[in-house]
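First the structure, in the form of structure tokens, and then the observations on it.
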Amino acid sequence: MELRLPPAGDASDALHAEFAATGRCTIPGVLADGDADRLASYLEKHQGWYRIRGFDKNRFDLLPEAERDTDSQVQADHAEIDRYIADDSSQTFAFLYDALPMIPAALAGEPGSPLAALRQALIAFAPELAMLTGLPLSGKVEVQATRYRTGDFLSRHHDGPSDDRKVAMVLGLTRDWCVDWGGNLLFAQGDRLSGYSPGWNRLDLFQVPQDHSVTRVTSSAPAPRLAVSGWFLG
35 MELRLPPAGD ASDALHAEFA ATGRCTIPGV LADGDADRLA SYLEKHQGWY
85 RIRGFDKNRF DLLPEAERDT DSQVQADHAE IDRYIADDSS QTFAFLYDAL
135 PMIPAALAGE PGSPLAALRQ ALIAFAPELA MLTGLPLSGK VEVQATRYRT
185 GDFLSRHHDG PSDDRKVAMV LGLTRDWCVD WGGNLLFAQG DRLSGYSPGW
235 NRLDLFQVPQ DHSVTRVTSS APAPRLAVSG WFLG
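For the sequence shown, our numbering assigns the number 35 to the initial residue and increments by one for each residue that follows.
What follows is the structure, given as structure tokens:
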């Protein structure tokens, strides 16, 4: 598995110019079609998602078996916690989503998995990305697979301050998404917004820090928003 920049020429020059001007760019078709399909299918079928809840400076990662507890009181408690976090999201940094960790220890039990292959591909891609962005990258990455279901969101924040996080990334693995279903990556500059809807086999990149958020996924979305998200480190 490998990530691919456009060949030298107009498309490559446009990426350089866009990142230099805005600190952002997006690369469509960054993986071979077969690799993107394998990754998405793996995530769609995976049963080991952690439930990630957070507000202010608190983060709670709930084990898959705990989230799947069928006890009605447990389910009611989880729903109440989610409502509390969502209601508080306009006052403080808050988030709700599912995740699969991609640190080496988490991937060691399945070394041939698509996520393990992607982690190595991202590390190998760092020198090319450093040339594209002009930023000093170490070749280290901090990434996780993410799944946003109905009601999930990530409120406005800027990923900083951080000496290590240089370029944030979202590798979209969401098929046939409609912008009206939410899950949109938005950038805030004063009273102006710009951004990207969830994409398929598309790598969205932006320099850290930048104010951004992921809008709430609506109940009309027929499937979750899937991606691999994180940072290239300096």
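Don't be surprised by glycine CBs; every beta carbon is placed ideally from N, CA and C.
Anticipated Cβ contact below 8 Å, residue i with residue j, distance rounded
{"i": "Leu227", "j": "His246", "result": "Their Cβ separation, rounded to whole angstroms, is 10 Å, which puts Leu227 and His246 out of contact at 8 Å."}
{"i": "Leu49", "j": "Leu166", "result": "6 Å"}
{"i": "Gln81", "j": "Pro98", "result": "7 Å"}
{"i": "Leu130", "j": "Phe187", "result": "6 Å"}
{"i": "Arg85", "j": "Ile119", "result": "That pair is no contact at about 11 Å."}
{"i": "Gly57", "j": "Asp116", "result": "That pair is no contact at about 33 Å."}
N-terminal and C-terminal residue of the beta strand (DSSP E) that residue i is part of
{"i": "Val161", "result": "Going by the sequence as given, residue 161 is Pro instead of Val. That residue, Pro161, is in no beta strand (DSSP E); its alpha helix (DSSP H) goes Pro148 to Thr167."}
{"i": "Phe187", "result": "Phe187 to His191"}
{"i": "Glu176", "result": "Val175 to Tyr182"}
{"i": "Ala261", "result": "Arg259 to Leu267"}
{"i": "Ser46", "result": "Note, Ser46: premise wrong, no beta strand (DSSP E); alpha helix (DSSP H) at Asp44 to Thr56."}
Exposure label - residue i; buried when at least 16 CB within 10 Å
{"i": "Cys212", "result": "exposed"}
{"i": "Lys79", "result": "exposed"}
{"i": "Ala255", "result": "buried"}
{"i": "Asn218", "result": "buried"}
{"i": "Leu73", "result": "buried"}
{"i": "Leu77", "result": "buried"}
{"i": "Ser253", "result": "exposed"}
{"i": "Asn235", "result": "buried"}
{"i": "Arg93", "result": "exposed"}
{"i": "Pro232", "result": "buried"}
{"i": "Gly143", "result": "exposed"}
{"i": "Gly68", "result": "exposed"}
Contacts around residue i, its chain only, beta-carbon distance under 7 Å, and the 5 residues preceding and following it disregarded
{"i": "Pro258", "result": "Arg181, Tyr182 and Arg183"}
{"i": "Glu36", "result": "Ala155 and Ala158"}
{"i": "Ser196", "result": "Val242"}
Other residues of its chain near residue i: CB distance less than 8 Å, five sequence neighbours each side excluded
{"i": "Val175", "result": "Arg153, Leu156, Ile157, Ala160, Gly264, Trp265, Phe266 and Leu267"}
{"i": "Gln178", "result": "Ala133, Leu134, Pro135, Met136, Val262, Ser263 and Gly264"}
{"i": "Asp214", "result": "Thr252 and Ser254"}
{"i": "Leu207", "result": "Ala70, Leu73, Ala74, Leu77, Trp234, Asn235, Leu260, Ala261 and Val262"}
Own chain residues within Cβ distance below 6 Å of residue i, not counting five before or after
{"i": "Ile61", "result": "Leu237"}
{"i": "Gly173", "result": "Ile157 and Ala160"}
{"i": "Ala70", "result": "Asn235"}
Cβ pair residue i, residue j closer than 8 Å
{"i": "Ser189", "j": "Ala128", "result": "yes"}
{"i": "Leu149", "j": "Val201", "result": "no"}
{"i": "Gly194", "j": "Val242", "result": "yes"}
{"i": "Val251", "j": "Gly224", "result": "no"}
{"i": "Leu65", "j": "Glu162", "result": "no"}
{"i": "Thr126", "j": "Asp95", "result": "no"}
{"i": "Gln244", "j": "His192", "result": "yes"}
Endpoints, the alpha helix (DSSP H) within which residue i is located
{"i": "Gly68", "result": "Asp67 to Lys79"}
{"i": "Ala139", "result": "Pro138 to Leu141"}
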